[in-house]
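So the structure is just underneath, and the comments pick up after that.
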Amino acid sequence: MKFRCSLFFTAMFGLVSESSFAQAVIEGRVELPKTSAAPVMIKRYEIVTKDGVLATKPPLAVVYLEGSFPRRNSTAETQMLQKDLTFAPTLLPVQTGTRVAFPNLDDTYHNIFSLSPAKRFDLGRYRPEETPIPSVVFDVPGLVTVRCDIHEHMRALILVLDTPYFAMSDPDGRFRLSGLPSGRHTLKAWLSSKTTLERPVELTRGTTLRVNVP
Amino acid sequence: MNSTSAPAKSGLLSFRIKLLGVMMLVVSGITALGLYLAQRQLATNAEQDLEREFQGEVASLHSVQKMHRAALAERCRVLARKPRIHAALEDNALDLLYPNAKDELRDLMDRKDENSDDSEVPSLHAIFYRFLDGKGTVIKPLNAKDVGELRPEEESQLTLDPVPAEGQIGYLLRRAGESDETIDEVIAMPIISNETDQPIAAIVVGVKPVELGRHRLATSIKSGIWLKGQLHLPSVANSSQAMLARAMASPDRAERSFRIELNDGPHLLFYKQLNPNSRFPPAYEICIYPLNDVLTRQRQLRWQILGSGGILLLGAFAVSHFASARLSTPVTKLAHDSAENRAERERAEAALEKTSKDLQRSARFSANTSHQLKTPVAVLRAGLEKLRTHENLTCEGREEIAVLIHQTFRITSIIEDLLLLSQMDAGRLQIAFSTVNLSHLLEAQMDDLSALPDGVEAEVESDCGDVHIAGEKHYVALIIQNLLENARKYNRPGGRIRISCREEGDWAILMIGNTGRSIPSPVREHIFERFHRGCVGEDIAGHGLGLNLARELARLHGGDLRLLRSDEDWTEFEVRFRLSRQVAMIGGRVS
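In structure tokens form, the structure reads like this:
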């Protein structure tokens, strides 16, 4: 568990700390859709479909800054685990060109595949101790639904973004983006496969902007 | 008898003919009714049999359809659980739908020809299949060869907007060439998301329709499908097809049967909707049964029934003839008897009339005779009286004449008695009832008796109270006189006469007894007969009319006279009269 968390946080904040000119910070809160579900005690989210719309349950938001930023040369790497017949995390934002590995931590086979237009792949069946760990590079922005062909209920979303500046909200919708470049940008908040909210922002070096979406 | 027999005979004949006619009418009516009922029963039975056959076949068809649907639904459930299918539909990767489903549906398309034709249970082997997307439109396959080729217009007929929530059955007319048409059964099954329970897509499978009557022996029965105003019945001639199409132009009910006249004779047509409650266009199974055989059979049966009816009629004729003869026998007898009776009655009436006339004639005759006799007797007596007074007569001569005069009195008495009797016989004697004092009458009669000249001495005892009776004095006196004269006449010398009378209820009873020889019992019955004189007393004067007259008169008075006893020197008669208080009641004419 500790290993998984550390990986997760490395993936989240590694990008931010590396940025040399990122000085500005945006803090705020995204108004998440109301849900009747009890507050999540263990951090476990499901991907639900309703009328063809995919979202997490309970709701979470991915907040990111859109603009023309220089592309990164090296390929970043992150992981999406399969453990206890679920994906972890269930919602994973990555920058374009990121390689995502899918380690199998269960005692059974999994067959990870996706038919999403943003990335079609099929990793085939593999066992937990399979090496190298099967991985996929996501090079087209978009939403990718990841499934297991063996376990029909397993589902995860990978949100491929063309920006290095993104963050996940907490269950209350609060977020913080730091090390942002100054200038006029668009702040976007992904809520579901259908809903992405956006606000224009103007950032100046060394300041912290408070933005609530919407 | 002879005169009545001719009309009786003709009447009998007409009775027999009528009876025969009615019986024949009844028998013919029953035969006709039987014929009609049997024919109708036959026709109804034949149609019912055909309809039952048709319904049975359609039912088996429906059961096959149900099996198909169940099998397909199961397949769809499996498909819906397949993450790849789900993903292809949900992630809009429709191009991958057919390749991903290929593995799952491979056996669906696999045709095991060597089995399918012979197997009793139809297998779900598809000719084609297509997926419908969430909106119900057909998802075009990349490679139609794998999923069965369809023309674009055929493919577009599979669209179901929106995608159905339940299985639907339809029929698809396909043309392979200009003339070659086939109809495929189409089953649409929704693929229901196991997550949301909503139909996210559907699969449409085309299968070969179950042929009706595959095992039917009668090949003349034709079945086909009526779909969207078009008839698919290849084995029927074109002209007949047009007639059928007209008849089926607007099927108003889900099922029906009617008769239809086609080119090759009358047919019975059944139709039944194959896909009720389906969103595909309605299709009807049609069966045409030629009725020629049935009609031929009906004709045969009609002749048979007619024949047997004729035989029955003949038999009935014989039976009714016999029966009418039997039934008319008592009538004949009755008629005969009545004729005889009538003749007899007429005879009796004639005899009666004759008798009555004779009687009247005889009564008249005796009355006339009596009158005519009386006159010469009176003349004779007057002559004799005159002669007795003649001076020249000797004493003996006078005696002789006195006897002769006495005889004339006797003759007169007989004539009077005869007159009276003849009046009674003719029913002309009427009693003028009044109250008669019987005791006074008796005293007077006893005085007369003692005054009689023959000088028979007898002691007379009388025991009479004051009794009044109803009667006519003259005739009552006559009765008493007759009885008293007898009592004196048949008495022995020195004998007794006892007269007593008493009242008993409504009756006055007068008893007159005398001593003397008794009447022998064989004679007793006859003493009251006319002109009978007892065997006793040949020496005693009498003419045998007295007792008869007395009894007749007593009966005319409503009473009677009878011999009470006659033995041991004692003979006693009893006369009864009604007491006078009953005069009013008896009144009128007694005859």
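From first to last, the protein sequence lines are chains G and Y.
Under this note's numbering, the first residue of the first sequence carries the number 86, and numbering increases by one thereafter.
Under this note's numbering, the first residue of the second sequence carries the number 14, and numbering increases by one thereafter.
Note that the Cβ used here is the ideal one computed from N, Cα and C, for glycine as well.
Contacts around residue i, its chain only, beta-carbon distance under 6 Å, and the 5 residues preceding and following it disregarded
i         : result
Y/Val-35  : none
G/Ser-278 : Val-138, Leu-139, Leu-228
G/Arg-295 : Glu-112, Gly-113
Y/Asp-582 : Thr-528
Spatial distance of residue i from residue j (CA atoms)
i         : j         : result
G/Gly-268 : G/Thr-289 : 6 Å
G/Gly-301 : Y/Pro-289 : For residue 301 of chain G there is no data in the structure shown, the boundaries of chain G being 86 and 299.
Y/Lys-235 : Y/Arg-82  : 26 Å
Y/Lys-502 : Y/Gly-529 : 9 Å
Y/Met-202 : Y/Pro-165 : 21 Å
Y/Arg-344 : Y/Leu-26  : Correcting the residue identity first, residue 344 of chain Y is Val in this sequence and not Arg. If you take the alpha carbons of Y/Val-344 and Y/Leu-26, they lie about 11 Å apart.
G/Arg-210 : G/Thr-216 : 13 Å
Y/Ser-337 : Y/Arg-29  : 6 Å
Y/Ala-464 : Y/Ser-531 : 26 Å
Y/Ser-369 : Y/Leu-33  : 50 Å
Y/Arg-188 : Y/His-245 : 12 Å
Y/Pro-535 : Y/Leu-397 : 42 Å
Y/Asp-461 : Y/Glu-474 : 15 Å
Y/His-384 : Y/Gln-443 : 19 Å
Y/Ala-114 : G/Arg-157 : 40 Å
G/Ile-243 : G/Asn-297 : 24 Å
Y/Gly-197 : Y/Leu-308 : Going by the sequence as given, residue 197 of chain Y is Asp instead of Gly. Going by the C-alpha atoms only, they are around 35 Å apart.
G/Thr-193 : G/Thr-281 : 36 Å
Y/Leu-304 : Y/His-75  : 26 Å
Y/Leu-566 : Y/Ala-361 : 30 Å
G/Arg-89  : Y/Tyr-111 : Below a pLDDT of 50, predicted positions are generally treated as unreliable, and G/Arg-89, at 48, falls in that range; the measurement from the model is reported next regardless. Using only the alpha carbons, I get a separation of about 38 Å.
Y/Leu-454 : Y/Glu-404 : 41 Å
Y/Asn-354 : Y/Ser-23  : 19 Å
Y/Asn-276 : Y/Ile-301 : 13 Å
Supposed close pair residue i, residue j - CB separation, criterion 8 Å
i         : j         : result
G/Ile-132 : G/Arg-240 : 4 Å
Y/Leu-314 : Y/Gln-52  : 7 Å
Y/Asn-606 : Y/Gly-559 : Nothing in the structure corresponds to residue 606 of chain Y, since chain Y is present only between 14 and 604.
Y/Ala-86  : Y/Gly-180 : 6 Å
Y/Leu-523 : Y/Val-588 : 5 Å
G/Gly-258 : G/Val-115 : 4 Å
Y/Thr-448 : Y/Ala-483 : 7 Å
Y/Glu-470 : Y/Arg-509 : Not confirmed; about 11 Å, so no contact.
Y/Glu-268 : Y/Lys-285 : 4 Å
Y/Arg-537 : Y/Ser-579 : 7 Å
Partners in chain Y for residue i, counting only beta-carbon separations shorter than 8 Å
i         : result
G/Glu-237 : Arg-94, Lys-95, Pro-96, His-99, Asn-207
G/Lys-135 : Thr-209
Proximal chain Y residues relative to residue i, where beta-carbon distance stays under 9 Å
i         : result
G/Ser-277 : Per Cβ cutoff of 9 Å: no residues; G/Ser-277 is ~14 Å from chain Y at best.
G/Thr-230 : Ala-100, Glu-103, Asp-104
Chain G residues whose Cβ lies nearer than 9 Å to that of residue i
i         : result
Y/Leu-109 : Leu-200, Arg-205
Residue i - partner residues in DSSP beta bridges
i         : result
G/Thr-198 : At residue 198 of chain G the sequence reads Phe, which differs from the Thr that was named. Looking at the DSSP assignment, G/Phe-198 forms a beta bridge with G/Asp-207, G/Arg-232.
Y/Ser-369 : Y/Ser-369 pairs with nothing; no bridge assigned.
Y/Arg-374 : Beta-bridge pairing links Y/Arg-374 to no other residue.
Y/Gly-484 : Y/Ser-447
Y/His-539 : In the DSSP output, where bridge partners are listed per residue, Y/His-539 has none listed.
G/Glu-162 : G/Arg-184
Y/Gly-237 : Y/Ile-299
Y/Leu-186 : Y/Ile-196
Y/Ser-579 : Y/Thr-584
G/Asp-257 : Paired residues: none, contrary to the question.
Y/Pro-203 : Y/Ala-215
G/Leu-246 : G/Gln-180
Cβ-based neighbour list, residue i, same chain, cut-off 7 Å, excluding 5 preceding and 5 following
i         : result
Y/Ala-56  : Gln-311
G/Lys-168 : Leu-190, Asp-191
Y/Phe-544 : Gly-557, Leu-558
Y/Asp-108 : Leu-155
Own chain, CB closer than 8 Å to residue i, minus 5 neighbours either side, in chain order
i         : result
Y/Arg-401 : Arg-411, Ile-414, Ala-415, Ile-418
Y/Gln-243 : Leu-186, Ala-258
G/Leu-150 : Ile-111, Thr-248, Tyr-250, Phe-251, Leu-262, Leu-265, His-270, Thr-271, Leu-272, Lys-273, Val-286
Y/Asp-131 : Annotation note: pLDDT 44 at Y/Asp-131 (below 50); position unreliable, coordinate value reported separately. Result list for Y/Asp-131: empty, nothing under 8 Å.
Y/Ile-424 : Leu-386, Val-390
Y/Leu-372 : Asp-438, Ala-439
Y/Asp-430 : His-556, Leu-558, Gly-559, Leu-562
Where residue i meets chain G, residues with beta-carbon distance less than 8 Å
i         : result
Y/Ala-106 : Leu-200, Ser-201, Pro-202, Arg-205
Chain Y contact residues for residue i, given Cβ-Cβ distances below 7 Å
i         : result
G/Asp-234 : Pro-96, Arg-97
CB contact check: residue i to chain B, cutoff 9 Å
i         : result
Y/Lys-241 : Note that chain B does not occur in the displayed structure, where the protein chains are G and Y.
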